Amino acid sequence: MTNLRRSARYLVLVLLALVFVTPLAWMVVTSVKTYGDAQRIPPTLLPDSLSGYGYRQILGNTSNPVLRWFVNSMLAATLHALLVLATASMAAYALARLRFRGRGLLFALVVGTLFIPPTSLIIPNFVIADRLAWLDTLAVVIVPGAASAFGVFFLRQFFLSIPAELEEAAVLDGANHWQVFTRVLLPLSKPALATLAVLSFLTNWNDFLWPVYVLFSPERLTLPAGLGLLQGAYVTDYPVIMAGAVLASVPVLILFVAAQRHIIQGVSRSGLKG
2 MTNLRRSARY LVLVLLALVF VTPLAWMVVT SVKTYGDAQR IPPTLLPDSL SGYGYRQILG
62 NTSNPVLRWF VNSMLAATLH ALLVLATASM AAYALARLRF RGRGLLFALV VGTLFIPPTS
122 LIIPNFVIAD RLAWLDTLAV VIVPGAASAF GVFFLRQFFL SIPAELEEAA VLDGANHWQV
182 FTRVLLPLSK PALATLAVLS FLTNWNDFLW PVYVLFSPER LTLPAGLGLL QGAYVTDYPV
242 IMAGAVLASV PVLILFVAAQ RHIIQGVSRS GLKG
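Encoded structure:
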């Protein structure tokens, strides 16, 4: 019976793996097809011959600077993730460790903002960005959203799982709140910080709607917004689109593989104590 359950579990895992891997494999295969192979009906799994047509189109087309979009996205997502870590960690420490009146109400208000649809904030955020003269600059896709309510909630839960005795021992040794925060809690929170960094990076990297509204110059677009320009009005060039999608997926896959161990630790420990 145990072997049967184990076999069934492995079968379910294999099926789930196929569900997630098949679209990625199809994307990669389509990116190396010729235009004719990609338009063939019924579609073929493997191309008759490998072609770099899609990659030549996106990398050699000066009217669509895909490499510039890639650099813009890398810069915006990295700086955005760092800002989220800075703001969320300090706020989470205050809500988890400091004792002050109204702390519970303040935390409830922070969590309550998670229920506000992000699309409802586009217009007020656009007006604020316009008054700050941030429109059509990378700052407009880096700074908004850096005060992450989810990040505060996530790190607060992780901080609460760290034994308070470690903080008390540091205080007895003469450490102040800043020293406790930077020298005790943060070093012990590397899994949670890595998890939040990856999630924040992915959120900014995959954002499409906000950059479309606030970035106007072709050379300042981020990759998701720029790849939308590759979609023709009357013809869909699948190899070109899939080549762009492969280019957008590579950093995400590398980041996930590199931080996988920390992500698992961070998620498993963040909800142990409320």
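Going by the numbering used here, the final residue of the sequence shown carries number 275, and the count climbs one at a time with no gaps. Beta carbons are placed, not taken as given, at the ideal position from N, Cα and C, and that holds for glycine. Please read these numbers as outputs of a predicted model, since none were measured by experiment.
Query: Alpha carbon of Val85 to alpha carbon of Pro43, nearest angstrom; Result: 46 Å
Query: Buried versus exposed call for Tyr11 [16 or more other C-beta atoms within 10 Å across all chains shown]; Result: exposed
Query: Asn65 and Leu230 closer than 8 Å at C-beta; Result: yes
Query: Touching by the beta-carbon criterion (3+ pairs, under 8 Å), the stretch 156 to 167 and the stretch 186 to 204; Result: yes
Query: Buried or exposed by the 16-neighbour rule on C-beta atoms within 10 Å, applied to Gly227; Result: buried
Query: Cβ-based neighbour list, Gly152, same chain, cut-off 6 Å, excluding 5 preceding and 5 following; Result: Val85, Ala89, Leu197
Query: Whole-Å CB distance - Tyr56 paired with Ala244, under 8 Å assumed; Result: 5 Å
Query: Residues near Phe127 by beta carbon distance below 7 Å, same chain, minus five either side; Result: Tyr214, Val215
Query: Spatially closest choice to His81 from Val142, Ala260, Leu186, Ala165, by CA coordinates; Result: Val142
Query: Distance, Leu25 Cα to Ser8 Cα; Result: 26 Å
Query: Pairwise C-alpha distance: Pro119 and Gly146; Result: 10 Å
Query: Span separating the alpha-carbon of Lys191 from that of Val13; Result: 32 Å
Query: Own chain, CB closer than 6 Å to Val181, minus 5 neighbours either side, in chain order; Result: Glu168, Ala171
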